[in-house]
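130 is the number of the first residue of the sequence shown in this note's numbering; add one for each residue after it.
Please read the structure below before turning to the comments.
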Amino acid sequence: ITPTPPRIYRAPDDESGTLIHTVMQQVHYALTGPHGATWTTDPETLLVGHGMVKHCIHTGTETWTGGGPGCRLLADIVAHLRPSLTDFTDADADRFADLMTDPRVLLGSYESRVIHARERRDAPAVTSRPAATPEGAHR
């Protein structure tokens, strides 16, 4: 199981990308706690290991462009959480807000996965199956 990193598809420059990453990691931690929202790094192996030999996984990601409603929402969330976000300065927060209005910014937002699986008829009985995502995950 791996923490879900922010997906930054495009930023004006490397420094801006690093700032967006830093701020988004802080927001993610503030909203989801120390264990965060996670997903298995290898769903195929997890499924096969539990007797699900026939499976299909579809993944989709919504993108948000700077200046659009999603990026404006992120800027508002950072402004709201600012007192509890300690790994960057007020100037960094202001720069982040500016970046969220920049159309050169493109972020991956919500990711969804649809999984269809069927258990093998001759699969050995499994007495306990660990969850694919920890309790409280948002996926």
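For every residue, glycine included, the Cβ atom is placed at its ideal position computed from N, Cα and C.
On a predicted model such as this, the values are computed, not experimentally measured, just so you know.
Going straight from the alpha carbon of residue i to that of residue j, what length do you get?
i, j, result
"residue 221", "residue 172", "37 Å"
"residue 219", "residue 189", "34 Å"
"residue 263", "residue 164", "In this prediction, residue 263 scores a pLDDT of 48, lower than 50, which makes its location untrustworthy; the coordinate-derived value is nonetheless stated afterwards. If I take the Cα positions, the gap works out to 9 Å."
"residue 242", "residue 191", "12 Å"
"residue 249", "residue 181", "6 Å"
"residue 185", "residue 245", "5 Å"
"residue 200", "residue 162", "22 Å"
"residue 151", "residue 183", "39 Å"
"residue 237", "residue 143", "17 Å"
"residue 234", "residue 217", "20 Å"
"residue 195", "residue 213", "24 Å"
Put residue i into one of helix, strand or coil per three-state DSSP.
i, result
"residue 182", "coil"
"residue 131", "Residue placement at residue 131 is poorly supported in this model, since its pLDDT is 48, which falls under 50; the coordinates still yield a value, given next. Residue 131 falls in the strand class under three-state DSSP."
"residue 217", "coil"
"residue 143", "helix"
"residue 164", "coil"
"residue 223", "helix"
For residue i, which beta-bridge partners are listed by DSSP?
i, result
"residue 233", "Note: residue 233 sits in no beta bridge, so no partner."
"residue 240", "190"
"residue 201", "In DSSP, residue 201 forms no bridge with anything."
"residue 246", "184"
"residue 137", "236"
My assumption, with CB atoms under 8 Å, is that residue i sits in contact with residue j. Please give the rounded CB distance.
i, j, result
"residue 225", "residue 160", "Actually they are not in contact, since the Cβ atoms of residue 225 and residue 160 sit about 16 Å apart, beyond 8 Å."
Assess, as a yes-or-no matter, whether the stretch 172 to 184 is touched by the stretch 224 to 235 under the definition of 3 or more beta carbon pairs within less than 8 Å. no
Is there contact here, the stretch 141 to 159 with the stretch 206 to 218, by at least three beta-carbon pairs under 8 Å? yes
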